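See below for the structure under consideration.
2 protein chains.
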Amino acid sequence: MSASNLTVTLGDVAAAAGVSVSTASRALSGNAKACRISDATADRVRNHARRLGFRPNLLARSLQSRRSGLLGVVVPDVANPFFAAIAKEVTRGAEETGRSVLLADSGESSDREVKLVAELQARRVEGLVVCPVGVDSDHLEAANAAGTPVVVVDRGFRGGSLPTVTSDHRGGAERLVEHLVGLGHRAIGIVQGRPGTLPNDDRLRAARRTLAAAGVPADDVPVAGDGFTERSGYESAARLLADRPDVTALFAFSTPNAFGALRAAAEAGRSVPDDLAMVCFDEVPHVEFLRVSLTAAAQDVRRLGRTAAEVMAERLETGRPPRRRRYTVPVKFVARASSGGPLPGAGARRTRSRELVPAGAPR
Amino acid sequence: MSASNLTVTLGDVAAAAGVSVSTASRALSGNAKACRISDATADRVRNHARRLGFRPNLLARSLQSRRSGLLGVVVPDVANPFFAAIAKEVTRGAEETGRSVLLADSGESSDREVKLVAELQARRVEGLVVCPVGVDSDHLEAANAAGTPVVVVDRGFRGGSLPTVTSDHRGGAERLVEHLVGLGHRAIGIVQGRPGTLPNDDRLRAARRTLAAAGVPADDVPVAGDGFTERSGYESAARLLADRPDVTALFAFSTPNAFGALRAAAEAGRSVPDDLAMVCFDEVPHVEFLRVSLTAAAQDVRRLGRTAAEVMAERLETGRPPRRRRYTVPVKFVARASSGGPLPGAGARRTRSRELVPAGAPR
DNA sequence: TTGAAAGCGCTAACAT
DNA sequence: ATGTTAGCGCTTTCAA
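Read top to bottom, the protein sequences are chains A and B. Note that UniProt numbering gives residue 172 to position 172 of the first sequence, counting from 1, and the numbers run on in steps of one. Note that UniProt numbering gives residue 196 to position 196 of the second sequence, counting from 1, and the numbers run on in steps of one.
Structure, rendered in structure tokens:
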């Protein structure tokens with residue numbers, strides 16, 4: 001009857017039921033049987049607990065059991081659907097093992113990330129799933145070494161020992177470049193994201209290698225951009241199109257990059273896909289209303305998150321270090337309108353493609 | 001030097017420094033001065049703490065201080081940019097008062113929401129910011145009554161006592177309908193979201209009232225839809241366009257609704273905006289790459305979140321119940337391409353508008 | 001200026 | 001089948 005009162009303690013319940021605290025604890029612990037508490041007593045305790053609105057204090061339980069039941073998740077920007085989706089899947093996974101998630105937003109700042117990791121450690125999270133911001137992993141390695149298992153997602157680190165879950169940047173970039181090459185493109189401009197980060201550099205390397213295989217020397221590949229943002233996409237594409245009017249296609253490293261590049265292309269009087277082909281690496285999860293008709297290598301964000309959750313779960317359950325250091329999630333190549341048809345002179349005459357309208361939903 | 005070891009306790013530091021735990025506690029508490037600890041001792045303790053990599057156990061501190069430093073946030077879907085943005089702002093706000101956020105995803109399920117709220121209470125969150133799923137607020141009222149302040153965001157409840165932060169649904173709907181009416185539209189179909197929820201019903205009421213003022217009887221207003229999803233938007237718009245071929249404009253209650261409606265319109269052979277005008281209530285935060293050229297009443301999601309954080313902060317700081325029960329955040333009307341020009345016969349001849357392409361970024 | 005001791009709410013040996 | 005006791009790691013009286 002009475003509303004659950006947070007100040008009701010196990011002691012209160014025990015007193016009301018006329019038993020000791022330990023008996024009450026055992027009666028409510030789920031395995032009353034195993035603790036050889038008589039059914040009568042157990043029922044009585046449970047009734048009083050319900051009546052008084054008793055809610056076990058998880059803080060106390062955590063302190064005593066040395067298990068907080070908390071997982072720390074750190075992302076550069078929760079409001080970014082990409083990271084939000086990862087957070088969601090990790091949260092779901094955590095819940096399956098009876099844990100809750102402490103979510104922290106580093107705001108793309110390394111310093112904040114370091115602080116947040118410390119804070120989460122102080123709160124005794126049992127594990128940390130981090131989408132790191134920077135190029136430095138000391139704080140994460142330290143946490144990991146100090147006994148808080150760390151799983152890294154998306155942006156990883158070259159060296160180090162942390163299990164890392166990423167998309168197949170290499171495969172995706174290869175596929176996109178091959179697609180363009182197949183359409184006859186050779187002068188392909190690269191609108192990159194943040195240099196120095198693993199996703200960026202992996203994609204860049206793969207793109208260059210693929211182009212080289214098609215006979216385009218690495219020196220001839222124009223590259224610009226300094227972040228995975230719309231702004232960087234716009235500015236770098238604008239510069240790139242001005243410097244290299246001969247480019248027939250752009251490869252943007254993220255959806256925001258692509259949108260920026262689209263804008264720059266429009267301002268440069270190049271219409272996509274007719275006067276300029278475009279493909280991009282897709283950072284955005286599959287949400288219907290985000291869809292735009294861009295040929296892309298789509299990341300499986302949910303699987304990224306789920307994999308991280310699984311790696312963490314196994315780590316926590318077995319206590320053993322993870323089997324592998326790299327977990328690579330495949331990307332899905334989707335040809336849409338923005339890459340256009342074969343380049344004139346490279347094959348069949350291209351047809352005027354449809355405009356870039358929001359694509360239809362999946363079904 | 002040595003990595004922070006989570007098993008180092010205050011006792012260890014005290015022992016190393018040759019003082020008692022209480023002295024160590026005071027020395028590290030920040031207000032060593034106030035506790036009249038000698039500078040020498042304080043320094044010594046601090047040095048040892050640093051050397052040993054001591055990290056206070058926040059669980060223990062919370063238990064003792066009866067302040068968890070945690071804020072619970074419950075949203076229907078973190079992966080939805082709208083809720084993600086709210087979560088982000090609340091997180092930021094929480095941090096400003098030295099608290100962390102426990103994030104929970106109810107997955108649009110009332111039952112889960114109830115469970116999650118209970119769990120968060122058990123973890124002794126100091127407050128709850130909830131974007132509720134359902135029409136029932138008992139669990140929230142109970143939590144609030146039991147001493148865990150609750151602030152409701154977005155979807156609210158008619159009665160009850162919980163402070164609620166919402167967009168100006170009424171004003172936004174009025175503005176959109178007035179816009180359409182001003183262009184000469186009278187037969188306006190409403191592609192609604194989830195009936196029974198406050199945002200939906202407020203918008204619907206306002207739309208009807210505004211139409212009535214323009215001489216359109218409530219009975220003549222076609223309404224369809226059962227959720228804020230793309231699917232509902234598609235199905236209801238399709239039905240609506242079939243039943244009422246005379247409608248010249250659609251008012252979608254969310255961005256996904258609008259996208260569904262756009263798809264339905266295309267399939268029905270109605271091109272937007274030329275053969276059908278469209279406006280929508282915008283659920284999506286201002287993210288460049290989400291932009292599409294839809295005339296909309298844009299919600300200020302960040303302000304929604306910030307307001308919630310502020311209301312909660314004040315509540316926690318002063319301990320007093322909030323000043324008001326409703327906090328209404330203005331929406332921003334943005335006319336774009338999708339609503340087209342004046343209807344033929346209602347004014348100037350409409351011009352063929354541009355296609356629905358991703359709009360340029362803000363600057 | 002510092003220490004000893006009590007206790008936050010819970011669990012888990014170790015007794016009976 | 002249940003009670004007693006001893007902590008988990010910290011803060012905070014109350015003494016000295």
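Think of the CB as a built atom: it goes at the ideal place given N, C-alpha and C, for glycine as much as any other residue. Predicted model only: the values in this text are computed from it and were never measured.
Which residue wins for smallest C-alpha separation from residue i, given the options the options?
| i | options | result |
| --- | --- | --- |
| A:ARG44 | A:PRO321, A:ASP201, A:GLY18 | A:GLY18 |
| A:ARG123 | A:LEU71, A:ALA261, A:ALA142 | A:LEU71 |
| A:ALA308 | A:LYS88, A:VAL334, A:ALA143 | A:LYS88 |
| A:VAL272 | A:GLY341, A:GLY30, A:GLU113, A:GLY171 | A:GLY341 |
| B:LEU10 | B:HIS185, B:LEU211, B:PHE83, B:ARG61 | B:ARG61 |
| B:ASP14 | B:THR7, B:ASN5, B:SER25 | The amino acid at residue 14 of chain B is misidentified as Asp; the sequence shows Ala. Checking every option, the nearest Cα to that of B:ALA14 belongs to B:SER25. |
| B:GLU126 | B:VAL101, B:ASN5, B:ARG112 | B:VAL101 |
| B:ALA79 | A:GLU314, A:ARG302, A:ARG325 | A:ARG302 |
| B:PRO149 | B:GLY159, B:VAL135, B:THR164, B:GLU230 | B:THR164 |
| A:ALA335 | A:LEU183, A:ALA238, A:ASP111 | A:LEU183 |
| A:GLY30 | A:ARG46, A:ALA16, A:PRO245 | A:ARG46 |
| A:HIS179 | A:ASP39, A:LEU250, A:PRO81 | A:LEU250 |
| A:ARG99 | B:LEU116, B:LEU52, B:ASP219 | B:LEU116 |
| B:ASP154 | B:ARG306, B:ARG231, B:LEU63 | B:ARG306 |
Mind checking whether residue i and residue j have CB atoms under 9 Å apart?
| i | j | result |
| --- | --- | --- |
| A:ALA296 | A:ALA242 | no |
| B:LEU162 | B:VAL152 | yes |
| A:HIS169 | A:LEU140 | no |
| B:SER167 | B:PRO330 | yes |
| A:GLY193 | A:PHE228 | yes |
| B:GLY189 | B:ALA214 | no |
| B:PRO195 | B:PHE157 | no |
| B:THR41 | B:ALA27 | yes |
| A:GLY260 | A:ALA252 | yes |
| A:ALA146 | A:LEU120 | no |
| B:ARG208 | B:TYR234 | no |
| A:VAL284 | A:SER339 | no |
| A:PRO222 | A:LEU240 | yes |
Is residue i helix, strand or coil by DSSP?
| i | result |
| --- | --- |
| A:LYS332 | strand |
| B:ASP111 | helix |
| B:VAL247 | coil |
| B:ASP136 | coil |
| A:ALA79 | coil |
| B:ASP300 | coil |
| A:ASP202 | helix |
| B:ALA187 | coil |
| residue 376 of chain A | Because chain A is modelled from 1 through 363, residue 376 of chain A falls outside the range shown and cannot be assessed. |
| B:ALA224 | strand |
| A:VAL8 | coil |
| B:VAL152 | strand |
| A:ALA252 | strand |
| A:ARG291 | Here A:ARG291 scores only 46 on pLDDT, less than 50, and its place in the model should not be relied on; the value that follows carries that caveat. Coil at A:ARG291, not helix or strand. |
| B:THR229 | coil |
| A:GLN192 | coil |
| A:VAL19 | coil |
| B:THR197 | coil |
| A:GLY182 | helix |
| A:ASN47 | helix |
| A:ASN31 | coil |
| A:GLY172 | helix |
Taking the DSSP output, what are the residues bridged to residue i?
| i | result |
| --- | --- |
| B:VAL74 | B:ALA104, B:VAL130 |
| B:SER167 | B:VAL329 |
| A:ILE37 | Per DSSP, none; premise fails for A:ILE37. |
| B:ALA337 | B:ALA337 pairs with nothing; no bridge assigned. |
| A:PHE281 | A:ALA297 |
| B:ALA214 | According to DSSP, which records beta bridges pairwise, B:ALA214 is partnered with nothing at all. |
Mind checking whether the beta-carbon of residue i lies closer than 8 Å to any heavy atom of the ligand NAD?
| i | result |
| --- | --- |
| A:ALA258 | Among the components modelled here there is no ligand, and therefore nothing to report on the ligand NAD. |
Taking Cβ-Cβ distances shorter than 9 Å, what residues in chain A pair up with residue i?
| i | result |
| --- | --- |
| B:ASN200 | Neighbours of B:ASN200 on chain A: none; closest Cβ ~18 Å, over 9 Å. |
| B:GLU119 | LEU58, SER100 |
Just to make sure I have the definition right: I need the residues of chain B whose C-beta is within less than 8 Å of the C-beta of residue i. Which are they?
| i | result |
| --- | --- |
| A:ALA122 | ARG55, PRO56, ASN57, LEU58 |
| A:SER62 | LEU59 |
In chain B, what lies closer than 7 Å to residue i by C-beta?
| i | result |
| --- | --- |
| A:ASP219 | Neighbours of A:ASP219 on chain B: none; closest Cβ ~32 Å, over 7 Å. |
Can you list the residues of chain B that residue i reaches, using a CB-CB cut of under 9 Å?
| i | result |
| --- | --- |
| A:LEU102 | LEU70, SER100, VAL101, LEU102, LEU103 |
| A:VAL78 | VAL78, ALA84, ALA85, ALA87, LYS88, THR91, LEU103 |
Chain A partners of residue i, CB-CB under 8 Å?
| i | result |
| --- | --- |
| B:SER110 | Within 8 Å Cβ-Cβ: nothing; B:SER110 doesn't reach chain A, min ~17 Å. |
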